[in-house]
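First comes the structure, then the notes that go with it.
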Amino acid sequence: MKPDINYVNDVLAKTALLAAPLLLGCELIRHTLDGDIRLKIVETEAYHQDDPASHTYRGLTKRTAPMFKSGGHLYVYFTYGMHYCLNIVTGQKGIGEAVLLRAAEPLEGIELMEHNRGTKNLHQLASGPGKLAQALGIFNTELSGRKLSKNSLQLAAPQLTIPSDDIIASPRIGIRHATEVPWRFYLKGNEFVSKYQKTVR
DNA sequence: TTCCCGATTGTA
DNA sequence: ACAATCGGGAAC
């Protein structure tokens, strides 16, 4: 059964905490000159402005301004001196929250993603936030602050409804604060979910 | 203007 | 277990 056509808009209007599990199963589509890239989101994390682990915890800055935009905008940040991470902003304008896309299952444009990633290992193409952005060909913060669109990145509703039993909530990865709250969501048993990282110093 | 460190990844 | 690598942002 095909989900409602307004699924995506409805999800993006919600708070990050509510939207994060609902983005699982949604498809990311990027049109490039060499063809389309399409992936299914399998792992997400929610960040909001009263959250010590969030970039917006200490208020609006030039970098995090996109997170304060309305749902449907993009937030891309650069981290560890070498990786880009892609977020989808949710909720209303003025509230700094977003959903980090942590992992996705390659569906289309595999060769393009292999080229972007420099590996042919299917399970390594987008099984982590840095990898996911790289697979999509995101090598700078150009998309940060832009809206989802055909020219940037598109988001489509799940092909099939995701049973709520298939969604697992767990602590977020790689953060130092608020390590206990289960705001990471992933599809149970999915092979393209990121490998759990070791403890943070 | 300095300095610490991160919503990570790949390699040893 | 650890290096790579650099910009954001708090502190000085």
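This note's numbering puts the first residue of the first sequence at 85, with every later residue one more than the last. The beta carbon of each residue, even a glycine, is placed where N, CA and C say it ideally should be.
As assigned by DSSP and simplified to three states, the class of residue i
{"i": "T99", "result": "coil"}
{"i": "D94", "result": "helix"}
{"i": "G208", "result": "The question names Gly, but residue 208 is Gln in the sequence shown. In this structure, Q208 counts as helix in the three-state DSSP scheme."}
{"i": "R285", "result": "At R285, the pLDDT of 47 sits below 50, so the modelled position is not reliable; the number obtained from the coordinates is stated separately. Correct three-state label for R285: coil."}
{"i": "K146", "result": "coil"}
{"i": "F276", "result": "coil"}
{"i": "L239", "result": "strand"}
{"i": "Y141", "result": "coil"}
Endpoints, alpha helix (DSSP H) assigned at residue i
{"i": "R84", "result": "With the chain running from 85 to 285 in the structure shown, residue 84 is simply not present."}
{"i": "G214", "result": "P213 to A219"}
Which residues DSSP lists as bridging residue i, in chain order
{"i": "K231", "result": "H157"}
{"i": "G119", "result": "T116"}
Range covered by the beta strand (DSSP E) that runs through residue i
{"i": "Q243", "result": "No beta strand (DSSP E) contains Q243, which DSSP labels as neither H nor E."}
{"i": "F269", "result": "R268 to L271"}
{"i": "S254", "result": "I251 to S254"}
For residue j and residue i, believed in contact at Cβ under 8 Å, the rounded distance
{"i": "L227", "j": "L237", "result": "7 Å"}
{"i": "M197", "j": "L184", "result": "That pair is no contact at about 19 Å."}
{"i": "D250", "j": "K272", "result": "5 Å"}
(message) Under 8 Å: do the stretch 111–126 and the stretch 87–102 share three or more Cβ pairs, one atom per stretch?
(response) Between the stretch 111–126 and the stretch 87–102, the count of C-beta pairs closer than 8 Å stays below three; the two stretches do not touch.
(message) Pairs of beta-carbons, one from the stretch 138–149 and one from the stretch 231–247, closer than 8 Å: are there three or more?
(response) Verdict: no, contact absent.
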